[in-house]
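Numbering-wise, the sequence shown is residues -2 to 493 according to my numbering.
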Amino acid sequence: MTENKKPPHTKSAIERSEGLPPDAYPVGLLPSSFPPDYVRGAAAPFLLSSSFLGERPTLPMIDLMLSKEKAIPVNLWGLLYDGWWPNPDEEGISVFFQGFERRGADNERKKIYVSANTPDLVATKYHAKITDFFDKLLGAANAGKPMMGRYFEYYDDLYWDLHVGATGDEIPTEVRQFSASFNTVLGYWFPTLEIVRDAYMSARASRQALKEWLDERVQRIIDGTQPDADRTFVYYWLKNGRLGENFRRIDIVFECFHNFLALSQWGNMIYNVASKLEPKYGDPKVRTWFEKTMKGGPDKADGGAFPPLERFVMELFRTISPNDGSLSSPRRHRQLLGAEFSGVTTPHRATSMDPQHWIHPEEFDPDRYKTAPTSVDNDEARAKEIGLARCPFAKASLELKDGRTGEMTNSAFGAVYGVVDGEPHPVCDTAGYAPFGFGYRRCAGEYITVEFIKEFLRKVWKEKLSFVKLDLEQPAEIPVNPGTVLHDNITFKRGK
Ligand code: HEM
């Protein structure tokens, strides 16, 4: 796209800064060793940005007035785009920061995205990749060693195997460099830190090689030369998106590396679940529920949409709430300096703990999901029942074109879910269940994320593993999640 075709709001932070007096940016707060483009593209906009806390929703949706368009923290653009600002036409885009109205009819891009990780695919196509990962992580050789460092030793292989079917030597050094740098930036977060600056510039330096590699991996899947291609996300994005405008090839490449943001949260969750199960410092209620769930039959159908282990994992997500909130770009009412770098956060934990949604929100009680409304229950009749004239989001289905019989559809509040071979795979669709966000913009990787934690717990139970908090003088620091760096101070052993 040429400069004169760009609407003014697509200018990069760097372009914007041209012509501004040097003291317009708080550069004095930054070390003089920081590269000028990094200062202008990431660090200074970050210092000008604010985050405002929004309301706790009553319904499981976020109104469209709070847009998802460009709704990511301003300091991350340079990790994703060459010009430090979104350039979707030339470099691709993720559904993650796209407004509803730009996603194609009825959230088409999102439906294509979710088609790659419905529960049937997780069970038949990705299951072995996940169990292999936990076999390695929780193998006897790692007992007694700090767990999270090991986790990240195997993480790249799992990540790329799921996306494009690559493991081991098939993953080039630059790609591993990008992943490590990206995670470091996410974890340490503040662009004012030298560790972030170094990792940021390293991620930028390796990104082109990563994209070229990814493009070649996508080509293999298109050409049919990738073994077991139908065990990768890209396969389903290609089949269901048909390389149309709502999932172009550059978008597939972009989603493949943007997903580092999403999957980084798995490590945080694993650490937190292990900590809750730790006998000395953990949560006795969680331990009791875990035993009860596994002894009683984790997968038995006992009424309701979610079997016992699923309910247990959902309650872990609600109470741990690894993701703080859903970030939106407010529609501008009046704009002052820094306003366009700022956002509104709809809080997750506070919503999950809101007494208007649950009688005892503070209790750890997986059985609360036996009767909670699901995306299948929330239809037009339900919208009327609660006093609305019509569904906030009309029901609209996208037929699967990947050889399966089924569709991706949505609830009255916009939550996307799959129906495969006549079997619906609902999600819990109430505002009180907030860890994966709300409505049309709810997490697109929820199915596989819940299964990932379920597999972790199955392995722990089957192998009779227990966790031990380590008293280390200098535990390693492990960046695991946006804004989270953990001390690598938990391990596992066989037996109680
Ligand atoms: C512990 C793991 C995860 C948590 C807690 C989590 C949480 C969330 C939340 C809260 C949102 C809503 C954000 C918003 O509305 O602003 C979201 C969106 C999203 N997540 Fe996840 N996520 C996780 C893992 C994943 C994984 C593994 C994937 C991909 C396979 C994924 C893909 C996405 C995408 C694409 C969106 C954007 C959806 C949209 O805007 O329509 N997430 N996630």
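Idealized CB from N, CA, C, for every residue including glycine.
For residue i and residue j, I'd like the C-alpha separation in whole angstroms.
i     : j    : result
K108  : P304 : 25 Å
E288  : F464 : 14 Å
M198  : Y35  : 8 Å
F254  : P352 : 38 Å
A177  : G184 : 11 Å
A196  : T406 : 40 Å
E359  : E312 : 11 Å
A378  : G411 : 15 Å
R455  : F131 : 10 Å
Y123  : K459 : 20 Å
E242  : K236 : 13 Å
G75   : I218 : 29 Å
A473  : G141 : 15 Å
I317  : G294 : 24 Å
G267  : P143 : What sits at residue 267 in the sequence shown is Ile, not Gly. Cα to Cα, I267 sits roughly 13 Å from P143.
M(-2) : E307 : Because the pLDDT at M(-2) is just 35, under 50, the model does not fix this residue reliably, and the point stays unresolved.
I445  : N265 : 16 Å
P421  : P116 : 10 Å
S339  : K297 : 46 Å
S261  : T189 : 21 Å
S30   : I475 : 25 Å
D485  : K273 : 15 Å
G403  : A41  : 48 Å
V71   : E448 : 31 Å
H357  : P363 : 12 Å
W532  : T481 : Nothing about residue 532 can be reported from this structure: the residues present for the chain run from -2 to 493 only.
Y110  : T342 : 23 Å
P281  : F361 : 10 Å
R147  : A393 : 43 Å
A391  : G419 : 21 Å
G434  : V416 : 21 Å
T121  : S47  : 44 Å
A163  : A386 : 50 Å
M291  : D299 : 14 Å
Rank the options by C-alpha distance to the C-alpha of residue i and give the top, closest one.
i    : options                   : result
K208 : I247, S323 and V182       : I247
W82  : Q262, K461 and F43        : F43
R496 : L118, R217 and A125       : As shown, the chain starts at -2 and ends at 493. That puts residue 496 outside it, with no answer to give.
L77  : F435, N256, R245 and F410 : N256
V373 : G436, T348, K398 and T342 : G436
F94  : G136, T164, R439 and V270 : R439
D79  : G162, R201, D129 and E52  : R201
T488 : F187, L134 and Y366       : L134
P423 : R365, L274 and A369       : A369
E167 : F175, W157 and Q174       : W157
A271 : F453, T189 and R365       : F453
P54  : V477, D426 and P479       : D426
E507 : V250, N139 and A125       : There is no way to answer for residue 507, as the model of the chain reaches only from -2 to 493.
C388 : E52, D103, V341 and W263  : D103
V161 : A302, R100, Q216 and Y366 : Q216
R106 : P224, L397, P32 and T121  : L397
L395 : L385, D299 and Y414       : Y414
G165 : Q174, F175 and D153       : D153
P169 : E191, R204, A137 and M145 : R204
For residue i and residue j, which I take to be in contact (beta-carbon distance under 8 Å), what is that distance rounded to the nearest angstrom?
i    : j    : result
P344 : L50  : 6 Å
L159 : T229 : 7 Å
L462 : R491 : 6 Å
V182 : V193 : 5 Å
V310 : K451 : 5 Å
A259 : G442 : 5 Å
R346 : Y430 : So it is not a contact: roughly 12 Å between Cβ atoms.
D399 : S112 : 7 Å
P432 : S349 : 7 Å
L483 : V477 : 5 Å
Is residue i near the ligand FMN, with its Cβ less than 7 Å from a heavy atom?
i    : result
V310 : This structure simply doesn't include the ligand FMN; it includes the ligand HEM instead.
(request) Could you say if the segment 56 to 73 and the segment 316 to 328 meet the contact criterion of at least three C-beta pairs nearer than 8 Å? (result) Enough Cβ pairs lie closer than 8 Å, so yes.
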